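Residue numbers (the numbering used here): 77 to 491.
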């Protein structure tokens with residue numbers, strides 16, 4: 077009888093020892109994203125069962141030691157942890173507003189011992205800190221799914237409204253506007269305009285976190301069609317072309333007139349030649365004789381024409397959803413009006429000294445996404461066509477994409 081009880085007791089002990097222990101075996105190797113323990117993989121690198129969890133956001137101006145103090149870790153322990161994880165995570169790069177989860181031992185009387193801290197760097201990546209000796213940290217990334225999708229949207233009110241109303245990510249709108257920035261005026265889209273595209277999106281836990289790339293896009297207006305084919309030659313340059321092998325980007329003229337010299341550059345601290353005060357000059361002055369023709373640096377739409385106070389006679393042109401230019405101190409205008417489409421190199425006015433000016437010159441200004449930029453440093457995209465050696469590959473890619481677009485349009489719900 078005693079032997080039977082002894083064997084039973086030993087059997088229970090053996091079974092208890094053989095059961096995987098989340099607590100004892102939850103330690104992840106340094107730099108590893110997950111720990112494999114007895115064939116069990118824990119996403120965070122430790123078993124999260126049986127912990128009390130506290131969640132929060134990093135406060136504005138809060139540093140790592142302050143956060144750890146708030147979570148109950150002593151000053152010396154926090155310092156030791158900081159030193160131990162230095163090669164894995166720079167604690168100076170904490171960002172206000174980022175979320176965290178703290179894991180404590182259960183304690184019915186209050187907050188237990190802090191064991192782990194999970195700091196969410198973004199929607200995908202995290203850093204896990206072991207808050208007991210031996211201190212260490214490791215990186216964890218949530219699984220990402222790449223989905224290949226088909227888009228078909230017809231404008232009824234606006235691109236933003238129509239695409240978001242049909243469940244498409246605003247990130248896709250941004251990508252399309254980048255592709256067509258030089259050929260489609262996104263501020264002038266009309267009812268009936270249509271976008272179709274083949275693209276890939278990154279999805280994490282059901283949320284779209286990024287547009288991986290648009291491989292093929294088609295824009296239709298009336299009977300006109302603009303194709304954009306993604307084809308990378310590997311030279312680090314343009315990757316979108318039309319069916320003729322022409323770049324989707326349009327080049328700007330280097331200057332809006334044939335000037336003799338630049339009389340004043342772009343500066344936020346220029347002494348005004350008339351008023352004598354220091355004020356921003358967010359343009360470039362081209363000195364030229366009165367009557368010198370002034371040209372639009374690119375295709376666009378005239379959005380204003382008239383008196384601009386100190387700028388005198390002024391013409392403003394919107395080229396696309398990214399760039400807008402202005403031409404100041406004109407002596408007179410060319411035969412243009414607000415709403416007109418102008419072409420690259422078209423004369424829009426003539427150099428003068430209207431407004432506040434000490435001599436005849438053109439004050440030329442450029443805005444990128446609404447902010448003034450230095451026209452002399454503006455990145456003028458190359459308009460060079462695709463090299464002939466790549467044309468067969470582009471044609472082959474185009475044929476495949478057209479076939480895929482047709483197939484996807486029949487198998488996937490279009491919006």
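The beta carbon of each residue, even a glycine, is placed where N, CA and C say it ideally should be.
Since this is a predicted model, take the numbers as computed values, not measurements.
Flag this pair as yes or no: are the beta carbons of residue i and residue j separated by less than 8 Å?
i: residue 485; j: residue 422; result: no
i: residue 208; j: residue 165; result: no
i: residue 136; j: residue 178; result: no
i: residue 214; j: residue 196; result: no
i: residue 358; j: residue 333; result: no
i: residue 327; j: residue 316; result: no
i: residue 265; j: residue 234; result: yes
i: residue 273; j: residue 290; result: yes
Check each candidate in the options and name the one with the smallest Cα separation from residue i.
i: residue 129; options: 383, 188, 236; result: 188
i: residue 363; options: 283, 331, 394, 383; result: 331
i: residue 261; options: 246, 464, 396; result: 396
i: residue 140; options: 126, 394, 162; result: 162
i: residue 205; options: 280, 477, 122; result: 122
i: residue 228; options: 266, 294, 317; result: 294
i: residue 413; options: 214, 251, 393; result: 393
i: residue 133; options: 437, 385, 170, 159; result: 170
i: residue 427; options: 185, 410, 467; result: 410
i: residue 435; options: 296, 366, 402; result: 366
Could you check whether the Cβ of residue i sits closer than 8 Å to any Cβ belonging to chain B?
i: residue 480; result: Reference to chain B is not applicable here, since this structure consists of a single protein chain.
Quick one: using the 10 Å Cβ neighbour count with 16 as the cut-off for buried, is residue i buried or exposed?
i: residue 460; result: exposed
i: residue 105; result: Caution is warranted here: a pLDDT of 44 is assigned to residue 105, below 50, making its placement in the model unreliable, and the coordinate value is therefore given only provisionally. With fewer than 16 Cβ atoms within 10 Å of its Cβ, residue 105 is classed as exposed.
i: residue 361; result: buried
i: residue 568; result: With the chain covering only 77 through 491, there is no way to say anything about residue 568.
i: residue 476; result: exposed
i: residue 237; result: exposed
i: residue 257; result: buried
i: residue 212; result: buried
i: residue 387; result: buried
i: residue 277; result: buried
i: residue 390; result: buried
Could you name the residues that DSSP lists as bridge partners for residue i?
i: residue 261; result: Answer is none; residue 261 lacks a bridge partner.
i: residue 289; result: 276
i: residue 191; result: Per DSSP, none; premise fails for residue 191.
i: residue 309; result: DSSP lists no partner for residue 309.
Alpha carbon to alpha carbon, what distance is there between residue j and residue i?
i: residue 451; j: residue 442; result: 6 Å
i: residue 455; j: residue 408; result: 29 Å
i: residue 445; j: residue 155; result: 44 Å
i: residue 404; j: residue 376; result: 17 Å
i: residue 147; j: residue 190; result: 7 Å
i: residue 308; j: residue 463; result: 12 Å
i: residue 433; j: residue 380; result: 21 Å
i: residue 370; j: residue 325; result: 23 Å
i: residue 254; j: residue 248; result: 10 Å
i: residue 482; j: residue 287; result: 21 Å
i: residue 268; j: residue 329; result: 32 Å
i: residue 131; j: residue 292; result: 43 Å
i: residue 230; j: residue 419; result: 27 Å
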